[in-house]
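Numbering (the working numbering), first residue to last: 1 to 616.
The beta-carbon is built from N, C-alpha and C at its ideal position, and this holds for glycine as well.
For reference, the structure discussed in these notes is given below.
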């Protein structure tokens, strides 16, 4: 126990360095991050990371960058030495990943550090060994141009730090994560990560931005990524974001970069998720790789020792532009869910997939791209997507004059045909299981979740009216009375203004009983006593958790849309299904219900033929 009577002393340099190292070097992956960033700053096009003993025995990072002169190498490992800054003002124009001059000094103080480096202009290289912050050896050596840094016996002189590390496999996982995040944003660099003799990551150099993603996550996920290329107000946003069908249960697959520096940002996560609002189910997150190219003077990267966090000068602007960039990517493609054949298909060559997905280089006219499970076609403008009452070209009306029965039948077929886009026609055939509609399409069949489709229509109409503050009321011939529990009544009183904002005007009717004398005039909206009490109970525990008025109103609108939509189990005619599909085709986001469940699942003719063994 430390005595309270001890006098104040100045710590010696070694102790200070060990304490400072704890802020920069938290674990083996911290070492990998710092060394790889130095290699990138050194203009390397090849970076190899070799790990032994899960990073505690040795971490070795080799690059073919510009290397260091003998003079630079002899001071690079000392504290507060850097080639990136001269004055504090240089922070406003900084594009390099490192700049503080702390990394090598911090690493050297808690390990055995060896540096072997040579610039192309010198005939021999320089070797330096530092143990626990003390120089042990320096000499000339023959070596290839570039730099190789070895960090051995990490935390040998800070046993407490080793004690608090996680399991060896967890620590190795953190190293893989660091290497992955760097490889994804640097296709121009050949990355290789090895543990002992096992290759854990291999991403060859490429001029194709999606190649690292394909190498790391595979072809199937890559086929479900949309390119992002957005520029406005001095901010350039590039990268990829996933179709809604490709989502994860955590935010671990959200990769954010600012000037190619990996950052963790709640602001960027919220901006991306705003664009996906109502396209993904609760607690589902997109796969996204996003780089923001921004003037360094508009950000602060010096707010955290590890530089993992970042501060933007204008957060509102960044939030809005990132949301617009993601929304633009999502609106550039049709996002219908496609049901693949149950049999495992042979994966197409990676080169074929890149050719289909990437707009960065134009396809040659002779190229014949593969058909991915989700057909990749441009989404027409909203006006072009308005439903019409004509049949698809390959289903044009054919009947003989005077054949009235055939004429009437084909006219009826035409009246139920709905056009979502130039490449997607749909015709309902009937209801199945009193939940779904079975439909024929231009290229197969489709299954419609009738409730989800109607819920989307209701939600967008309610939202549109709310934003315009034009939710008109219609007096009820028979007012609705409903009784609540004490908890429900207290909740309703606290958030009564929210309910009024969406067009529900409950009045006290004695005790915990309320009365509704009118309902919003929205597309034959009907609500029962049970609907209203269920709605209140469903949102009672969720609304207090939401921090903004818009989020609370949005939840109310979604819940109201759900409870007023066609229900599973209701019998419905083919003509009514067609009417729902027409209204759905006019929606801004027809692909999912407001809670993120798909409205329509397409099954291609080819997938059906494979299942029935008509084709191999």
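When the beta-carbon positions are compared, residue 226 and residue 240 come within less than 8 Å of each other. Residue 201 is a Cβ neighbour of residue 183, given a cutoff of 8 Å. Across the set 275, 121, 479, 300, the C-alpha of 479 shows the shortest separation from the C-alpha of residue 508.
The shortest C-alpha to C-alpha distance from residue 469 to any of 545, 503, 448, 312 is the one to 503. Note on geometry: alpha-carbon atoms of residue 176 and residue 193 lie some 8 Å from one another. Collapsing the DSSP output to three states places residue 231 in a strand. Of the candidates 329, 582, 546, the residue whose Cα lies closest to the Cα of residue 421 is 582. By the Cβ-count criterion, residue 147 is buried, with 16 or more other Cβ atoms from all chains shown falling within 10 Å of its own Cβ. Ranked by how close their Cα comes to the Cα of residue 455, the residues 106, 600, 37, 292 have 600 in first place.
Judged by their CB atoms, residue 299 and residue 308 are not nearer to each other than the 8 Å cut-off.
Residue 515: not part of any alpha helix (DSSP H); member of the beta strand (DSSP E) spanning 513-520, first to last residue. Scanning 319, 338, 213, 231 for the CA closest to the CA of residue 287 turns up 213. Cα atoms of residue 430 and residue 463: separation of roughly 30 Å, rounded to the nearest angstrom. Between residue 56 and residue 149, the CB-CB gap reaches or exceeds 8 Å. Under the three-state reduction of DSSP, residue 148 is assigned to strand. Distance between residue 77 and residue 142, taken at the CA atoms: about 21 Å. If only complete runs of 4 or more residues are kept, the region 163-199 shows the alpha helix (DSSP H) at 168-185, in order along the chain.
If you look at residue 498, you'll find it in the alpha helix (DSSP H) that goes 496-501. Annotated three-state conformation of residue 201 is strand, per DSSP. Ranked by Cα distance from residue 275, the options 252, 229, 322, 221 are led by 322. A buried status is given to residue 416, since no fewer than 16 other beta-carbon atoms sit within 10 Å of its beta-carbon.
With a beta-carbon spacing of about 6 Å, residue 555 and residue 539 fall inside the 8 Å limit used to define contacts. In this structure residue 612 is not in contact with residue 532, their Cβ atoms being roughly 48 Å apart against a cut-off of 8 Å. Assigned with DSSP and collapsed to three states, residue 245 falls in coil, not helix or strand. When the five nearest sequence neighbours on each side are left out, the beta carbons in the same chain lying within less than 7 Å of the beta carbon of residue 526 are those of 564, in order along the chain. Nearest to residue 102 by alpha-carbon distance, out of 171, 546, 119, 75, is 75. Your pair residue 488 and residue 518 does not check out as a contact, with CB atoms roughly 21 Å apart and the cut at 8 Å. If you draw a straight line from the Cα of residue 296 to the Cα of residue 31, it comes to about 25 Å.
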